[in-house]
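Visitor: Listed in order, the protein sequences are those of chains L and U. Under this note's numbering, think of the first position of the first sequence as 316, with each following residue one higher. Under this note's numbering, think of the first position of the second sequence as 316, with each following residue one higher. Glycine included, each C-beta is placed from N, C-alpha and C at the ideal position. Owing to the predicted nature of the structure, the values given are computational and were not obtained by experimental measurement.
There are 2 protein chains.
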Amino acid sequence: MKNLDKIFNPKSVAIIGASSKEKTVGFGLVKNILMGKDLRKTFFININQKDILDNKTFGKISDIQEEIDLAVIAVPAQFVSDVISQCCEKKVGGIIVVSAGFSEMGEEGKNRQKEILEKVREAGIPMLGPNCLGIIRTKNKLNASFAPITPIEGNVAFISQSGALLDVIIDEVEKLGASSVVSLGNEADINLTDFLEWFATDDETKVLALYVEGISDGKKFMEVAKKITKVKPIIIIKAGKFAAGKKAVQSHTGSLAGDYETYRAVFKQVGIIEVDSIEELIYSSKALSWQPKCANSFAIITNGGGCGIMAADYCKVKGIELSKLSKETIDKISSSPEMSPLWSKSNPVDVIGDASPARYRAAIEAVLGQKNVGGAIVIQTPQIMTDPVENAKMIIEAKKLFPEKPIICFFLGGKMSYEAIELLENNHIPNFSDLKDGITAIKSLTNN
Amino acid sequence: MKNLDKIFNPKSVAIIGASSKEKTVGFGLVKNILMGKDLRKTFFININQKDILDNKTFGKISDIQEEIDLAVIAVPAQFVSDVISQCCEKKVGGIIVVSAGFSEMGEEGKNRQKEILEKVREAGIPMLGPNCLGIIRTKNKLNASFAPITPIEGNVAFISQSGALLDVIIDEVEKLGASSVVSLGNEADINLTDFLEWFATDDETKVLALYVEGISDGKKFMEVAKKITKVKPIIIIKAGKFAAGKKAVQSHTGSLAGDYETYRAVFKQVGIIEVDSIEELIYSSKALSWQPKCANSFAIITNGGGCGIMAADYCKVKGIELSKLSKETIDKISSSPEMSPLWSKSNPVDVIGDASPARYRAAIEAVLGQKNVGGAIVIQTPQIMTDPVENAKMIIEAKKLFPEKPIICFFLGGKMSYEAIELLENNHIPNFSDLKDGITAIKSLTNN
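Shown next, in the form of structure tokens:
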């Protein structure tokens with residue numbers, strides 16, 4: 316197992332190719348690394364600029380007296396090899412090569428990559444990249460990337476062979492946050508499997524969310540993944556499934572996309588949860604991060620009949636079982652003082668358009684009180700009689716009574732429910748705006 | 316063909332069961348109908364309240380001297396039949412029964428529905444409902460529903476067997492708007508097919524978007540739909556596909572969901588575009604409402620390799636062809652002064668993470684300039700080098716050069732692109748936040 320501690324928890328970082336010019340990679344790295352400036356020493360290297368944001372710069376890494384745990388390299392491809400030599404001489408603890416122009420760029424690039432790989436391997440220094448966004452470790456306030464945003468602390472590690480995709484995810488996971496963000500780039504030295512091994516024992520990480528185009532060390536990956544999925548869920552998007560996408564993979568990270576059916580079979584065999592879109596990846600991560608796993612038996616509670624029917628359809632397609640409500644549960648719902656006589660008397664539990672917060676709560680408590688119901692899917696459509704914020708408060712209270720059973724919400728529509736959704740998610744009750752993708756995420760709670 | 320003009324363009328409306336109590340159906344109807352109070356006469360009927368929002372009320376409809384074009388009934392189910400008798404006597408032009416408690420409610424409800432149907436049929440008055448949200452006609456500033464929001468004017472008619480689903484849609488289609496919103500309810504008298512016939516010749520409506528659980532007059536529906544799809548696209552969600560959902564349909568609108576495979580075959584045969592989620596329905600409506608149809612040959616332009624690869628995968632699954640770029644097009648892109656030498660040289664056109672607005676524009680103009688390229692899919696990931704608002708502006712300019720070719724955008728992520736997305740959609744360039752659902756919508760542009 317590779318020791319990545321100097322990469323994830325460095326006491327000193329040098330940015331080679333730092334810049335004060337806005338909207339550049341070099342400036343992004345500077346701005347991000349400065350967020351942790353009270354926790355570690357930061358050094359900027361740029362031969363053309365004397366200082367960057369009031370920090371003195373250095374001409375090269377050997378000019379720095381102190382030890383350097385992590386060197387982040389963002390100079391043009393043709394200069395990377397020289398910089399790597401200097402880093403090896405300096406005996407840095409780890410290297411991240413952000414620069415592009417390597418194995419994704421034909422023969423010349425492949426040779427460049429081979430050259431730098433030989434150097435770091437000889438020096439025994441772990442190297443991430445080249446051609447990557449960098450890494451983020453929220454707990455340590457370490458953002459050694461040029462991502463435009465730093466996520467809040469969370470317990471999901473996002474690991475991706477596409478850096479831009481991480482930018483998308485980071486911009487979306489506002490409430491969920493992340494324990495770590497890793498952009499793999501070309502994986503010349505440290506690869507996906509190395510990171511999986513590291514995250515397996517990482518106390519900050521509960522869920523692993525992956526975007527993958529190709530996996531080079533199939534056998535080792537399978538061994539490692541199989542062990543991890545017994546303790547932590549791994550969710551994956553496999554891109555480059557078909558001819559056009561596969562071709563694009565080659566010019567993207569220079570790897571081979573391989574046969575999709577083989578990947579599918581492997582994921583299934585080792586217990587990886589495969590999803591098919593960014594939304595499904597984020598939704599599933601959120602469900603697994605915030606809610607407990609449960610038996611595959613769900614009750615749907617809704618104030619809109621049509622949405623309950625659609626949810627039931629998606630459950631069928633995704634293999635989610637709908638609980639059969641006991642006579643006791645039905646009686647309990649019917650006898651609740653707030654209940655409408657028009658309620659559906661079966662699952663989906665349609666509590667009717669004029670459902671009050673108390674009526675939602677009565678239904679949730681009744682269904683989750685039934686022993687063999689695993690969890691609740693709560694749908695709210697924004698009707699004139701609906702009070703989204705009060706509904707959210709009631710759901711938060713009801714959830715406290717059933718810590719071992721997940722509640723997943725679908726407050727559908729737009730602006731009318733924004734405040735309520737914020738409240739739900741501040742209390743770690745996931746809310747999904749898309750029924751179909753959300754039901755996919757719920758399935759991940761029932762996998763082992 | 317039923318004459319629905321008195322329902323869609325009444326000169327006078329009476330609300331029977333109007334109320335001044337907030338968060339009730341009766342109050343929702345009052346508030347909504349008052350929006351058009353300068354365009355028509357409005358009358359409120361309530362035996363218990365003397366006035367509602369400073370409008371004098373009437374005890375019953377016969378107390379009103381003027382003619383009534385449209386009567387909207389929202390009294391409890393057991394009183395509806397009497398009110399209907401009064402409306403028939405008054406010779407109103409059309410009736411909407413909002414009240415629930417009819418065929419969706421067992422034998423008693425079925426009998427009630429039969430009774431009111433006989434009355435309106437004898438009087439020759441078209442009746443919408445019962446058990447519905449009502450209708451909205453934006454051009455006429457007519458909101459005869461208890462929806463919580465009135466959409467802006469648009470050219471899509473949303474017709475639904477679920478009222479709550481319309482509330483969801485209305486809350487989501489902020490920029491798209493609607494020409495009309497029709498909640499079908501139990502379809503005792505006027506049914507889906509009647510409305511389709513009416514919208515076929517409606518100049519305000521370009522696209523028909525439907526939510527359907529069951530269709531009762533299959534043969535007539537097919538005849539009518541087949542004619543309409545030759546001139547206007549019909550998009551449909553069919554809910555209640557499987558056992559659990561079907562069962563829920565019965566307690567929802569009292570109709571039979573029928574065999575889904577039969578529905579699928581029928582939709583295909585008559586040229587209806589079937590989608591599988593609310594998002595897909597809204598996305599497809601937006602694409603068809605705002606952009607021209609085109610040949611099935613698309614170019615993907617992206618500043619993130621991974622997202623381009625995923626888009627290519629979805630295109631393959633959805634049957635969207637990716638254009639083969641000509642040597643001329645590739646040369647044109649390569650020779651653009653702003654272009655990165657790292658660009659992908661094929662479709663998907665990866666313009667690389669540091670893509671400037673001008674680089675996006677050069678790529679869009681080159682691909683759409685190629686004769687056999689039907690349209691462009693433009694993806695933006697929010698990187699530190701990205702300028703979303705300037706990209707949006709460039710796309711809007713580029714679109715002007717190709718009025719006959721659609722551009723569909725995917726500005727992915729969250730907050731970073733909100734302003735840019737607003738700009739795009741103000742200029743009727745659709746932006747979709749979900750790649751997978753968005754690609755489904757694009758497919759609808761290639762159907763005939």
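1) Excluding the five sequence neighbours on either side, which residues of its own chain have a C-beta within less than 7 Å of the C-beta of L/E740, listed in chain order?
2) For U/P672, which residues in chain L fall below 8 Å Cβ to Cβ?
3) Is there contact between the stretch 753 to 760 of chain L and the stretch 627 to 637 of chain L, where contact requires at least three CB pairs shorter than 8 Å?
4) On the three-pair Cβ rule with 8 Å, is the stretch 475 to 493 of chain L touching the stretch 356 to 368 of chain L?
5) Would the beta-carbon of U/I624 fall within 8 Å of that of L/A554?
6) Grouping DSSP H, G and I as helix and E and B as strand, with all else coil, what is L/E643?
7) Within the same chain, show all residues whose beta-carbon is closer than 6 Å to that of L/A673, passing over the 5 residues directly before and after it, in chain order.
8) Along the chain, where does the alpha helix (DSSP H) containing U/R674 start, and where does it finish?
9) With 16 as the cutoff for other CB atoms within 10 Å, does L/P656 come out buried or exposed?
10) What are the residues of the stretch 636 to 661 of chain U that lie near chain L, defined by any Cβ-Cβ distance shorter than 8 Å?
11) Output the distance between the C-alpha atoms of L/P441 and L/N501, rounded to the nearest integer angstrom.
12) Here's the rule: buried if 16 or more other CB atoms are within 10 angstroms of the residue's CB, otherwise exposed. What is L/F394?
13) Can you pull the DSSP bridge partners for L/M442?
14) Could you tell me which residues DSSP pairs with L/L385 in its beta bridges?
15) Between which two residues does the beta strand (DSSP E) carrying L/S495 extend?
16) One question on the structure: do U/I679 and U/I710 come within less than 8 Å of each other, judged by their Cβ atoms?
17) Can you name the residues of chain L whose CB is closer than 8 Å to the CB of U/Y526?
18) Okay, do the stretch 636 to 646 of chain L and the stretch 534 to 553 of chain U touch, 3+ Cβ pairs below 8 Å being the bar?
19) By Cβ distance below 7 Å, which residues in the same chain neighbour U/G573 in space, the five residues on each side in sequence not counted?
20) Let me know the secondary structure DSSP gives L/K708 once reduced to three states.
21) L/I431 and L/I411 - do their beta-carbons sit closer together than 8 Å?
22) Taking only the alpha-carbon atoms, compute the straight-line gap between U/V471 and U/K547 and give it to the nearest angstrom.
23) Report the residue from L/S418, L/D397 and L/V413 whose alpha carbon sits nearest the alpha carbon of L/K375.
24) Would you mind sorting U/M316 into buried or exposed? The rule is 16 or more other CB atoms within 10 Å of its CB.
25) Judging by CA-CA distance, which residue of L/P718, L/F536 and L/M700 is the nearest neighbour of U/G343?
26) From which residue to which residue does the alpha helix (DSSP H) around U/K321 run?
27) So if I threshold CB-CB distances at 8 Å, which residues from the stretch 463 to 478 of chain L count as touching chain U?
28) Would you mind sorting U/R452 into buried or exposed? The rule is 16 or more other CB atoms within 10 Å of its CB.
29) Throw me the rounded Cβ distance for the L/T372 and L/F359 pair, which I believe falls under 8 Å.
30) What are the residues of the stretch 715 to 730 of chain L that lie near chain U, defined by any Cβ-Cβ distance shorter than 7 Å?
31) Measuring alpha carbon to alpha carbon, tell me which residue in U/Y733, U/A670, U/R436 and U/I615 is nearest U/A691.
32) Check whether chain L comes within 8 Å of U/I499, counting only Cβ atoms and requiring the distance to be less than that.
33) What in chain U is Cβ-close to L/N458, meaning under 7 Å?
34) Which partner residues of L/V664 appear in the DSSP bridge assignment?
35) Buried or exposed for U/Y733, please, with buried defined as at least 16 other CB atoms from any protein chain shown within 10 angstroms of its CB.
36) Which two residues bound the contiguous alpha helix (DSSP H) that contains U/A540?
Guide: In short:
1) Excluding positions up to five away in sequence, the list reads K490 and N746.
2) Under the 8 Å cutoff, chain L gives no residues; its nearest Cβ is about 12 Å from U/P672.
3) yes
4) With the cut-off at 8 Å, the stretch 475 to 493 of chain L and the stretch 356 to 368 of chain L do not touch.
5) Taking 8 Å as the Cβ cut-off, U/I624 and L/A554 qualify as a contacting pair.
6) helix
7) The answer, listed in chain order, is E653.
8) P672 to G684
9) Result: exposed.
10) Result list: L637, L657, S659, K660 and S661.
11) 14 Å
12) exposed
13) L/I410
14) L/L385 has L/V328 and L/G409 as its beta-bridge partners, per DSSP.
15) A493 to S498
16) yes
17) G621
18) As far as the Cβ criterion goes, the stretch 636 to 646 of chain L does not touch the stretch 534 to 553 of chain U, which means the pair count is below three.
19) Same-chain partners within the cutoff: G529.
20) helix
21) Not closer than 8 Å, so no.
22) 10 Å
23) L/D397
24) exposed
25) L/M700
26) D320 to F323
27) P463, I464, S475, Q476, S477 and G478
28) buried
29) 5 Å
30) Result list: L727, G728, G729 and K730.
31) U/I615
32) It is Leu, not Ile, that sits at residue 499 of chain U in the sequence shown. Not one chain L Cβ lies under 8 Å of U/L499.
33) Result: empty, since nearest Cβ-Cβ is about 12 Å, beyond 7 Å.
34) L/I616
35) exposed
36) Element bounds for U/A540: G533 to I543.
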